[in-house]
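Numbering-wise, this note's numbering puts 162 at position 130 of the sequence shown, and it's gapless, one number per residue. The beta carbon of each residue, even a glycine, is placed where N, CA and C say it ideally should be. All of these numbers come straight from a predicted model, not from anything done at the bench. In what follows, a structure is listed as structure tokens, so that the remarks can point back to it.
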Amino acid sequence: MKRIMVLLVMLMTAAAGAQAQQCFPPGTFHIAGFPFNCGPATTCIDPNIGDIGRAAPGQAIWLHPVLNTYPVGVIGFVFAHECAHFQGNMNEQAADAWAIKIGRNQGWINPQTVQQICQSVYFSSGDWTHFPGPARCQLMIQAFNTP
């Protein structure tokens, strides 16, 4: 049994490693048919980034394909959050607020979407850059409710 489990883990790891990064030139990335643009950013779907999303100023936006299992508003939030980082805003709370406000202003984040986003982060214990989920959620609700 242990040998089968090891083989299964090896096959899953090989399959995950075999997935290639897929990149979209600026202005060509869509989520559920809606265009998502971050200026000159190339957006890449990459199963090997080690996080759900990542970006560096002036480089690219990387999203993990697991995002396909989330509601559209949550995916859009992650994209917009990473877009804030791409644009040079490395503060996590400011990137959250910017993403919420952009989504609200563009009409793809509403009160229900904010709750979906909160559900996706609520049980996070946080890390050296992110607040724990409940505090992060409260700040996102505040951002949604402020001009």
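**Q.** the stretch 106 to 113 in contact with the stretch 125 to 134 per 3-pair CB rule at 8 angstroms
**A.** The stretch 106 to 113 is in contact with the stretch 125 to 134.
Q: Give the straight-line distance between the Cα atoms of residue 174 and residue 120, rounded to the nearest whole angstrom.
A: Locating residue 174 in the sequence shown gives position 142, counting from the first residue. Locating residue 120 in the sequence shown gives position 88, counting from the first residue. Rounded to the nearest angstrom, the two C-alpha atoms are 23 angstroms apart.
Q | Nearest residue (CA-CA) to residue 71, options 89, 168 and 83 | A | Working through the sequence shown from its first residue, we reach residue 71 at position 39. When only C-alpha atoms are compared, the closest one is 89.
Q) Could you give the distance in angstroms between the alpha-carbon of residue 156 and the alpha-carbon of residue 164? A) The sequence position of residue 156 within the sequence shown is 124, counting from 1. The sequence position of residue 164 within the sequence shown is 132, counting from 1. Residue 156 and residue 164 have their C-alpha atoms spaced approximately 6 angstroms apart.
Q) Would the beta-carbon of residue 75 fall within 9 angstroms of that of residue 61? A) By 1-based counting over the sequence shown, the position of residue 75 is 43. By 1-based counting over the sequence shown, the position of residue 61 is 29. Yes, Cβ-Cβ distance for residue 75 and residue 61 is below 9 angstroms.
Q: Measure the C-alpha to C-alpha separation of residue 84 and residue 69 and round it to an integer number of angstroms.
A: Walking along the sequence shown from the start, residue 84 turns up at place 52. Walking along the sequence shown from the start, residue 69 turns up at place 37. Looking at the two C-alpha atoms, the distance is approximately 18 angstroms.
(Q) Judging by CA-CA distance, which residue of 55, 161, 148 and 80 is the nearest neighbour of residue 123? (A) Within the sequence shown, the letter at position 91 stands for residue 123. Just measuring C-alpha positions, the residue of 55, 161, 148 and 80 sitting nearest residue 123 is 161.
**Q.** Residue from 53, 176, 81 and 142 whose Cα sits closest to the Cα of residue 125
**A.** Your numbering for residue 125 matches position 93 in the sequence shown. Nearest C-alpha to residue 125: 176.
Q: To the nearest angstrom, report how far apart residue 148 and residue 138 are at their CA atoms.
A: If you number the sequence shown from 1, residue 148 lands on position 116. If you number the sequence shown from 1, residue 138 lands on position 106. As the crow flies, the alpha-carbon of residue 148 is around 17 angstroms from that of residue 138.
(Q) For residue 145 and residue 101, what's the separation of their Cα atoms in angstroms? (A) By 1-based counting over the sequence shown, the position of residue 145 is 113. By 1-based counting over the sequence shown, the position of residue 101 is 69. As the crow flies, the alpha-carbon of residue 145 is around 15 angstroms from that of residue 101.
**Q.** Cα-Cα separation between residue 152 and residue 52, rounded to whole angstroms
**A.** Your numbering for residue 152 matches position 120 in the sequence shown. Your numbering for residue 52 matches position 20 in the sequence shown. Taking C-alpha positions only, residue 152 is separated from residue 52 by approximately 26 angstroms.
Q) So who's on the other strand from residue 77, going by DSSP bridges? A) In the sequence shown, residue 77 corresponds to position 45, counting from 1. The partner list for residue 77 (beta bridge, DSSP) reads 54 and 95.
Q) Under the three-state reduction of DSSP, which class applies to residue 107: helix, strand or coil? A) Here the question's residue 107 lines up with position 75 in the sequence shown. Here residue 107 sits in helix by DSSP.
(Q) Along the chain, where does the alpha helix (DSSP H) containing residue 88 start, and where does it finish? (A) Position 56 of the sequence shown holds residue 88. Here residue 88 belongs to no alpha helix (DSSP H), and DSSP marks it neither H nor E.
(Q) By alpha-carbon positions, which one of 94, 79 and 80 ends up nearest to residue 86? (A) Mapped onto the sequence shown, residue 86 falls at position 54. Nearest of 94, 79 and 80 to residue 86, Cα basis: 94.
Q: State the DSSP-derived secondary structure class of residue 134, mapped to helix, strand or coil.
A: The residue you call residue 134 lines up with position 102 of the sequence shown. Looking at residue 134 - three-state DSSP - the assignment turns out to be helix.
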